[in-house]
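Read through the structure below, which is laid out as C-alpha cells, and then see the notes.
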Amino acid sequence: MIARFAPIIGAGLSSDWEEVVAEHSAPDELGALLSGMADPGAAVGLDEVEALLESLEELLDLFDEEPMGSTYYPFKAAELIELHGRMATGDLPDDAPVPLAEWVDRFAKHVDWQLDKSGIDLGRPDYFAHLERTLRESGRDSDADGEREFAERIAECREKSAEYLSALNSALR
Numbered sequence: 010m011i012a013r014f015a016p017i018i019g020a021g022l023s024s025d026w027e028e029v030v031a032e033h034s035a036p037d038e039l040g041a042l043l044s045g046m047a048d049p050g051a052a053v054g055l056d057e058v059e060a061l062l063e064s065l066e067e068l069l070d071l072f073d074e075e076p077m078g079s080t081y082y083p084f085k086a087a088e089l090i091e092l093h094g095r096m097a098t099g100d101l102p103d104d105a106p107v108p109l110a111e112w113v114d115r116f117a118k119h120v121d122w123q124l125d126k127s128g129i130d131l132g133r134p135d136y137f138a139h140l141e142r143t144l145r146e147s148g149r150d151s152d153a154d155g156e157r158e159f160a161e162r163i164a165e166c167r168e169k170s171a172e173y174l175s176a177l178n179s180a181l182r
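Mapped onto the working numbering, the consecutive letters of the sequence shown carry residue numbers 10 to 182.
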C-alpha cells in the first residue's frame with residue numbers, strides 16, 4: 010500500500026499541498042521515510058513505521074479540514090498510508106467505523122469520478138475501483154511470502170502508482 014500511494018504525496022499534483030508540506034517540521038525526513046518504506050530491499054522496523062506515522066500525523070494536522078480539489082489526492086494518499094501504518098502497528102481500533110479497504114475503495118472511486126469529470130477514458134468504467142477490488146480479491150494487497158513475491162508485489166504497486174499519477178496528472182492539468 011505504501012508503494013502504491015507514497016508517490017502521490019510528492020508528485021506535485023497541487024501547489025497548495027506543496028505549500029503545506031513545506032510547513033512540515035521535516036519535509037525531507039518525511040520523503041526519506043516514504044521512500045524507504047517503498048524500497049523492496051529495505052529492512053523496515055517498527056521504529057521506522059512509528060516515525061512515519063508520527064510524521065504523517067503532523068502533516069495531516071496542518072489541515073483544518075479535508076481539502077478539496079487537487080489537494081484532496083495527496084492528502085488522502087497520506088491519510089491512507091497513515092491508516093495502513095496504524096493497522097500494521099495495531100493502533101487502528103477493531104471497531105473503527107470504516108475498514109481500511111473501504112477507504113481505499115473510496116479514494117479509487119474519487120479518482121474515477123475526477124477522470125470522468127475531466128473527460129478522460131481509461132478504457133473501462135470505474136478503472137481504479139476495479140483495480141483496487143482486483144488487488145484485494147487476488148490477495149496481492151496483503152503481505153507477501155518470501156523476498157521474490159515481495160519484490161514482485163512492490164513492482165506491481167509501483168506500476169499501479171504510476172497509473173494513478175498519470176491519470177491524476179491528466180485530469181488535474
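Note that beta-carbon positions come from the ideal geometry of N, C-alpha and C, so glycine has one too.
Please classify residue i: is it buried, with 16 or more other beta-carbons within 10 angstroms of its beta-carbon, or exposed?
i           : result
residue 108 : exposed
residue 55  : exposed
residue 183 : In the structure displayed, the chain extends from 10 to 182; residue 183 sits before or after that span and is not available.
residue 34  : exposed
residue 23  : buried
residue 121 : buried
residue 140 : buried
residue 77  : exposed
residue 147 : exposed
residue 80  : buried
residue 71  : exposed
residue 162 : buried
residue 171 : exposed
Under the three-state reduction of DSSP, which class applies to residue i: helix, strand or coil?
i           : result
residue 90  : helix
residue 73  : coil
residue 101 : coil
residue 108 : coil
residue 115 : helix
residue 79  : helix
residue 133 : coil
residue 40  : helix
residue 170 : helix
residue 33  : coil
residue 95  : helix
residue 120 : helix
residue 10  : coil
Throw me the rounded Cβ distance for the residue i and residue j pair, which I believe falls under 8 Å.
i          : j          : result
residue 82 : residue 11 : Not really, about 16 Å apart at Cβ, beyond 8 Å.
residue 39 : residue 68 : 7 Å
Between the options, which has its C-alpha nearest residue i's C-alpha?
i           : options           : result
residue 167 : 67, 92, 43        : 43
residue 125 : 77, 164, 181, 73  : 181
residue 116 : 29, 95, 75        : 75
residue 62  : 29, 128, 131, 96  : 96
residue 94  : 32, 58, 29        : 58
residue 128 : 15, 84, 39, 179   : 179
residue 176 : 161, 70, 136      : 136
residue 14  : 64, 91, 38        : 91
residue 25  : 40, 84, 64        : 84
residue 143 : 173, 37, 114      : 114
residue 164 : 47, 36, 27        : 47
residue 86  : 31, 119, 131      : 119
residue 73  : 133, 29, 130, 134 : 29
residue 32  : 64, 41, 20, 60    : 64
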